[in-house]
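In order, the protein sequences belong to chains A and X. When we follow our numbering, the leftmost residue of the first sequence carries the number 2, and every step to the right adds one. When we follow our numbering, the leftmost residue of the second sequence carries the number 73, and every step to the right adds one. Here the structure is laid out as structure tokens; the discussion comes afterwards.
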Amino acid sequence: MRNLATVYWRALVQRKRLLGTVFLWTFFLWITTPFMIIMLKSVGRNWFGRKWLPPNLTLDWYRWAVTVANIPRILANTLIIAAIAVTISTLIALPTGWALGRRKVRGKELLTSIILLPRMIPPIAYALGVAQIFYRLHLVDKYLGVGLAHVAICAPYATLVLSSTFQALDDRVLEASAVCGANQLRTFFHVTLPMVLPGILSSIIFTFTTSYNELTLTLMTYGPHTITLPVRTYLAVGEGYWEVTSAMSMILVIPSFFVLFMIQREIAPEKLVGGFKGV
Amino acid sequence: MSDAPSRRQNLITLLLLSPGLAGFFGLFFYPMLVTLERSLHPEGQTQGWTLENYAVLFRDSDFSRVILLTFFLAISSTLLSIALSVPLALLLRRKPAGHRLLRMTVLVPITVPGLIGAFGLLLFWGSRGWFNLSMMPLLGRTEPIQVNYTLVGLVIFYVWHYFSYTATTTLSTLEGLDPAIEEAATVAGATPSQVLRHVVIPLIMPGILSGSVLSFMAAFGAFSIPLVTGGSLRPLAVSIYKQIEVFTPARWSAASAMAAVMATLQVIFLAIYMRVLRRPTA
Numbered sequence: 002m003r004n005l006a007t008v009y010w011r012a013l014v015q016r017k018r019l020l021g022t023v024f025l026w027t028f029f030l031w032i033t034t035p036f037m038i039i040m041l042k043s044v045g046r047n048w049f050g051r052k053w054l055p056p057n058l059t060l061d062w063y064r065w066a067v068t069v070a071n072i073p074r075i076l077a078n079t080l081i082i083a084a085i086a087v088t089i090s091t092l093i094a095l096p097t098g099w100a101l102g103r104r105k106v107r108g109k110e111l112l113t114s115i116i117l118l119p120r121m122i123p124p125i126a127y128a129l130g131v132a133q134i135f136y137r138l139h140l141v142d143k144y145l146g147v148g149l150a151h152v153a154i155c156a157p158y159a160t161l162v163l164s165s166t167f168q169a170l171d172d173r174v175l176e177a178s179a180v181c182g183a184n185q186l187r188t189f190f191h192v193t194l195p196m197v198l199p200g201i202l203s204s205i206i207f208t209f210t211t212s213y214n215e216l217t218l219t220l221m222t223y224g225p226h227t228i229t230l231p232v233r234t235y236l237a238v239g240e241g242y243w244e245v246t247s248a249m250s251m252i253l254v255i256p257s258f259f260v261l262f263m264i265q266r267e268i269a270p271e272k273l274v275g276g277f278k279g280v
Numbered sequence: 073m074s075d076a077p078s079r080r081q082n083l084i085t086l087l088l089l090s091p092g093l094a095g096f097f098g099l100f101f102y103p104m105l106v107t108l109e110r111s112l113h114p115e116g117q118t119q120g121w122t123l124e125n126y127a128v129l130f131r132d133s134d135f136s137r138v139i140l141l142t143f144f145l146a147i148s149s150t151l152l153s154i155a156l157s158v159p160l161a162l163l164l165r166r167k168p169a170g171h172r173l174l175r176m177t178v179l180v181p182i183t184v185p186g187l188i189g190a191f192g193l194l195l196f197w198g199s200r201g202w203f204n205l206s207m208m209p210l211l212g213r214t215e216p217i218q219v220n221y222t223l224v225g226l227v228i229f230y231v232w233h234y235f236s237y238t239a240t241t242t243l244s245t246l247e248g249l250d251p252a253i254e255e256a257a258t259v260a261g262a263t264p265s266q267v268l269r270h271v272v273i274p275l276i277m278p279g280i281l282s283g284s285v286l287s288f289m290a291a292f293g294a295f296s297i298p299l300v301t302g303g304s305l306r307p308l309a310v311s312i313y314k315q316i317e318v319f320t321p322a323r324w325s326a327a328s329a330m331a332a333v334m335a336t337l338q339v340i341f342l343a344i345y346m347r348v349l350r351r352p353t354a
């Protein structure tokens with residue numbers, strides 16, 4: 002009698018585990034299948050009707066994306082704009098992050114949340130204002146203009162990352178360097194800089210990806226000369242050539258997967274959620 | 073004499089903070105003011121003051137439908153995100169096979185541009201996508217199930233994109249939990265389900281709450297997902313953009329009035345979030 006109960010109990014436990022496993026991998030498929038389909042769509046030929054997989058493979062859609070949709074030029078635009086946004090954001094975030102992370106600031110918490118506000122308010126709300134200001138300043142459809150618009154969401158994020166990097170600097174190490182007779186310059190180059198460099202690098206990578214992916218602010222400030230990859234992809238979805246759109250999406254998604262890989266290895270993901278929002 | 077150096081220190085601090093503040097005021101605060109100012113001008117003009125733009129919004133039944141849709145999508149996707157995140161976090165905590173990959177999967181939707189996610193979802197749930205390919209023979213249907221551009225579809229896509237916030241905070245709160253507490257409850261004679269209901273869930277509630285407010289706020293401001301997958305269903309952010317994109321000349325004042333309403337609501341949610349975050353745990 003007792004044996005039977007144990008058997009049943011074991012079976013139940015095992016089924017429960019099975020249930021959990023099924024749940025987890027259904028979840029996995031639910032999240033990842035859209036990307037698998039995009040990937041297949043971008044290399045599939047004659048994939049019409051009710052077929053699970055494309056019957057033939059081709060690289061034609063990538064060729065089309067390059068020749069017809071002019072992707073190299075658009076990619077260059079995107080990279081130039083991202084470089085501008087990253088440079089300005091880093092220049093803003095270095096001193097501001099240092100002050101927030103290392104110095105006594107009155108009302109630090111309030112100040113930090115004010116600086117992070119642009120990441121919490123939907124960009125469309127201030128993109129309207131940015132567009133109107135930039136029209137007046139003739140910054141619309143200029144690399145600098147679009148890059149500057151991206152700074153609105155990139156700078157808060159860079160500041161967040163850098164201030165926590167600087168905060169984590171150990172005073173004792175700096176003191177030790179001074180005790181050992183290094184002057185301030187030497188301490189800076191041989192102790193401080195190597196310690197904060199990974200933080201600065203990850204800030205650059207994150208701001209780069211944010212700018213590279215940004216759609217809302219670009220839609221309000223772009224023009225024929227400053228079409229970026231997300232805008233082109235958005236337009237292509239509307240045009241309906243979904244094979245070529247898939248090829249574009251594959252190019253657009255590369256930095257994000259790189260970042261994803263990095264987050265998983267280097268940083269605790271929960272720290273990112275507060276500030277990181279890919280709208 | 074004694075406060076001279078500290079005043080100098082304060083000045084240096086202010087100087088260091090100034091680029092960040094300049095960026096904030098130049099690229100966020102001033103644009104918000106411009107938006108607010110524009111919303112108070114008559115349509116198509118840059119002079120004269122009026123509240124007509126807001127009056128139109130509140131008279132207009134379209135706008136109340138937009139607000140209703142936005143709230144419905146944000147609330148329903150948040151609730152479903154919680155329903156998904158809690159079991160997910162409980163399962164992931166046990167570190168099953170492949171949990172590293174699954175953890176990375178949780179972050180995919182907020183790291184990858186929403187645009188691509190939306191496009192992939194359209195392909196997957198479309199009439200010839202894998203969803204219909206597997207469901208049609210299963211349910212014995214000859215007509216594909218329409219998911220794209222419907223309300224149900226939008227809710228699914230919202231959950232897909234915005235559950236990450238809830239899941240990540242829930243998981244991190246759960247992992248911060250001391251296993252000794254659960255052991256104590258088990259030793260005291262509680263069954264696993266009792267431990268879950270009376271010990272674990274109440275303890276991780278702050279994490280679930282703060283994560284779901286984040287999900288809610290993100291879903292409320294959703295742009296790319298409904299822009300691509302919404303069709304004629306246009307929540308607030310998309311409606312604002314359509315005022316500029318669809319109409320010639322663009323309806324800046326109407327768009328600005330909507331944006332002002334949206335920003336106000338979002339600030340209120342943010343205040344709630346700060347409250348939730350600050351509430352002492354336990």
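Glycine included, every Cβ here is placed at the ideal spot set by N, Cα and C.
A direct Cα-to-Cα measurement between Ala66 (chain A) and Val192 (chain A) gives close to 47 Å.
Within the same chain, Cβ atoms closer than 7 Å to the Cβ of Arg110 (chain X) are found at Trp324, Ser325, Ser328, the five residues on either side in sequence being excluded. In its chain, beyond the 5 residues on either side, Leu101 have a beta carbon closer than 7 Å to the beta carbon of Thr113 (chain A). Inclusion of Ile340 (chain X) and Ile154 (chain X) in the CB contact set at 8 Å is not warranted, their separation being larger than that value. Rounded to the nearest angstrom, the gap between the Cα atoms of Phe29 (chain A) and Phe135 (chain A) is 43 Å. Within its own chain, the residues whose Cβ lies closer than 7 Å to the Cβ of Ala83 (chain A), once the five positions on either side in sequence are excluded, are Phe209, Ser212, Tyr213, listed in chain order. Just so you know, the alpha carbons of Val333 (chain X) and Ala309 (chain X) end up roughly 11 Å apart. Arg166 (chain X) carries a coil assignment under DSSP once its states are collapsed to helix, strand and coil. The residue among X:Gly192, X:Leu223, X:Leu349, X:Leu268 with its C-alpha nearest the C-alpha of Trp31 (chain A) is X:Gly192. For the segment 174-234 of chain A, the continuous alpha helix (DSSP H) assignments of 4+ residues that do not extend past its boundaries occur at 185-188, 194-214, 217-222, in sequence order. Contact check for Leu88 (chain X) against Thr97 (chain A) passes: the beta carbons are separated by less than 8 Å. Around Lys42 (chain A), the beta-carbon contacts reaching into chain X at under 7 Å are Leu195. When Cβ pairs closer than 8 Å are counted between the two stretches, the segment 126-145 of chain A is seen not to touch the segment 164-171 of chain A, the count staying below three.
Of the candidates X:Thr142, X:Glu124, X:Phe130, the residue whose Cα lies closest to the Cα of Phe288 (chain X) is X:Thr142.
Proximity to Ile344 (chain X) across X:Met330, X:Ala331, X:Gly283, X:Ser304 peaks at X:Gly283, based on C-alpha coordinates.
Gly293 (chain X) is positioned such that its CB atom lies no closer than 8 Å to that of Ile116 (chain A). Excluding its 5 nearest sequence neighbours in each direction, Leu58 (chain A) has C-beta neighbours in its own chain below 6 Å: Val44, listed in chain order.
Its Cα nearest to that of Leu226 (chain X), the residue X:Gly189 stands out among X:Gly189, X:Met207, X:Arg347. Between Gln265 (chain A) and chain X, the shortest Cβ-Cβ separation is below 8 Å.
Leu58 (chain A) carries a strand assignment under DSSP once its states are collapsed to helix, strand and coil. The shortest CA-to-CA distance from Glu317 (chain X) to any of A:Thr217, A:Thr246, A:Gly241 is the one to A:Thr217. A residue is called buried when at least 16 other Cβ atoms come within 10 angstroms of its Cβ; Gly201 (chain X) meets this threshold and is buried. At the C-beta level, Ala248 (chain A) and Trp62 (chain A) come within 8 Å of one another. Contact of Phe319 (chain X) with chain A is not assigned, every C-beta pair being separated by 8 Å or more. At a cut-off of 8 Å between beta carbons, Tyr126 (chain X) makes no contact with chain A.
Here Gly225 (chain X) carries a helix assignment [DSSP, helix/strand/coil]. Taking 8 Å as the upper bound for CB-CB distance, Leu163 (chain X) and Gly21 (chain A) are in contact here, some 5 Å apart.
Sorting A:Ser203, A:Arg16, A:Ala183 by C-alpha distance to the C-alpha of Ala159 (chain A) places A:Ser203 at the top.
With contacts defined by Cβ atoms closer than 8 Å, Leu246 (chain X) and Ala169 (chain X) do not form a contacting pair. The residues Tyr213, Thr229, Leu230, in chain order, have a CB closer than 7 Å to that of Thr79 (chain A) in the same chain once the five nearest residues on each side in sequence are set aside. At the C-beta level, Pro55 (chain A) and Leu76 (chain A) stay beyond 8 Å of one another. Under DSSP, Arg46 (chain A) shares a beta bridge with A:Asn57.
Interface annotation for the segment 102-120 of chain A against chain X: Arg104, Lys105, Val106, Leu112, Ser114, Ile115, Ile116, Leu118, Pro119, criterion Cβ-Cβ distance under 8 Å. Apart from the 5 residues on each side of it in sequence, Val245 (chain A) sits with its Cβ closer than 8 Å to the Cβ of Trp62, Trp65, Ala66, Val69, Ala70, Ala237 in its chain, given in chain order. For Trp62 (chain A), not one C-beta of chain X is nearer than 8 Å to its own C-beta. If you check the CB distance, Leu223 (chain X) and Val300 (chain X) do not come in under 8 Å.
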